[in-house]
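Working notes, beginning with the structure itself.
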């Protein structure tokens, strides 16, 4: 590891935070993102994808655990697994909110689970699956980097759901190098396989989100024409200058550089503020709101 990597790792240690309460069983509106169906269902689709996705991440890292004798990395893997397990648990709680709306969450989750944990793990090598995991972790970490910046993309969100995603973002930043280290040092995945897995994930991830989001909007009773209009407006929201995705582009392309490592991206807006607020109260919702105030969002 480089000196920068060591410093960054020390700056953001992996800290599993257990038994957190977000109030997700409360009076959260169906369209909790400022009343916008497309944006709300975009994030709801992510929530449905996360539990089977995190199961896949943990499985792919565990494939190589028996080869590892570095105590530091073994502890990081343990903490990574604990964080991912907590993410799955909390997103399942959030998905219960969708169940109460009549959404067939189990059917949508099973679709993602079968694709990743059955089809991919039977079709592809352990090394390639870990490379896909690392690529998907890259996506989640660069999304995490965007949640506290001045665009304030969660400005109109219900404060409880916003707090859940803010907490998830903080922990994604803490463990974003674990799968990559195992992939490089133990799976011995080279540059071309790493890049091929990113290209694969670049297609698979948004297609999967779209499929789940489409099912949610269809469940809500929107006609095909209405869904098309919502999608057209939503695409502008995602791709316009200063929109959801455009500021992530630079970080995305960094992954294609030979010699890249996730810890070369060390800056996380809001990390120190969230950590201080959470450590003071132990309340992730309060920490989220205090972070917003500290950043003048």
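Numbering (the working numbering), first residue to last: 5 to 301.
All residues carry an ideal CB built from backbone N, CA and C; glycine is no exception.
| query | result |
| --- | --- |
| Who does residue 161 pair with in a DSSP beta bridge? | 37 |
| In the DSSP assignment, find the unbroken alpha helix (DSSP H) run with residue 191 in it and report its ends. | Taken as a continuous stretch (DSSP letters only), residue 191 belongs to no alpha helix (DSSP H), as it is neither H nor E. |
| Can you tell which of 140, 205, 189 has its C-alpha closest to the C-alpha of residue 176? | 140 |
| Determine the direct distance from the alpha carbon of residue 288 to that of residue 41, and round the result to whole angstroms. | 25 Å |
| Using 10 angstroms around the beta-carbon of residue 339, count the other beta-carbons present and answer buried if the total reaches 16, otherwise exposed. | Nothing about residue 339 can be read from this structure; the chain reaches only from 5 to 301. |
| Where does residue 5 sit, in a helix, a strand or coil, going by DSSP? | Residue confidence for residue 5 is low, a pLDDT of 42 falling below 50, so the modelled location carries little weight; the figure read from the coordinates is stated next. Residue state, collapsed to three classes: coil. |
| Does the structure place the stretch 123-135 close enough to the stretch 221-239 that three or more beta carbon pairs sit under 8 Å? | no |
| Count the C-beta pairs between the stretch 232-244 and the stretch 37-52 that are closer than 8 Å, then say yes if the count reaches three, no if not. | yes |
| Just verifying my parser: in three-state terms, what is the DSSP assignment at residue 213? | helix |
| Quick check on residue 30: buried or exposed, where buried means 16 or more other Cβ atoms within 10 Å of its Cβ? | exposed |
| Secondary structure at residue 227, three-state DSSP: helix, strand or coil? | coil |
| Can you tell me whether residue 42 is helix, strand or coil according to DSSP? | helix |
| To the nearest angstrom, how far is it from the Cα of residue 170 to the Cα of residue 70? | 33 Å |
| Taking residue 272 as the reference, which of 146, 136, 137, 44 has the closest Cα? | 146 |
| How big is the Cα-Cα spacing for residue 92 and residue 277? | 25 Å |
| Is the beta carbon of residue 184 sitting closer than 8 Å to the one on residue 150? | no |
| Expressed to the nearest angstrom, what Euclidean distance is found between the alpha-carbon atoms of residue 255 and residue 81? | 24 Å |
| Do the stretch 16-24 and the stretch 150-159 meet, that is, are 3 or more Cβ pairs less than 8 Å apart? | no |
| Residues in the same chain with beta-carbon distance under 6 Å from residue 119, minus the five sequence neighbours each way, listed in chain order, please. | none |
| For residue 244, name the three-state secondary structure that DSSP assigns. | coil |
| Closer than 6 Å by C-beta to residue 165: which residues in its own chain qualify, once you throw out the five before and the five after it? Chain order, please. | 36 |
| How far does the alpha helix (DSSP H) with residue 149 in it extend, from its first residue to its last? | 130-150 |
| Are the CB atoms of residue 55 and residue 121 nearer to each other than 8 Å? | no |
| From residue 65 to residue 59, what distance separates their C-alpha atoms? | 10 Å |
| Going along the chain, which residues of its own chain have a beta-carbon closer than 6 Å to the beta-carbon of residue 181, five neighbours each way excluded? | 266, 267 |
| By the 10 Å Cβ neighbour count, where 16 or more other Cβ atoms means buried, how is residue 106 classified, buried or exposed? | exposed |
| Residue 259 and residue 202 look like a contact to me (Cβ under 8 Å); what is the Cβ gap, rounded to whole Å? | 5 Å |
| Give the single residue among 264, 227, 195, 167 whose Cα lies nearest to the Cα of residue 279. | 167 |
| Could you give the distance in angstroms between the alpha-carbon of residue 10 and the alpha-carbon of residue 78? | Annotation note: pLDDT 42 at residue 10 (below 50); position unreliable, coordinate value reported separately. Whole-angstrom Cα-Cα distance: 16 Å. |
| Just to confirm, is the Cβ distance from residue 179 to residue 83 under 8 Å? | yes |
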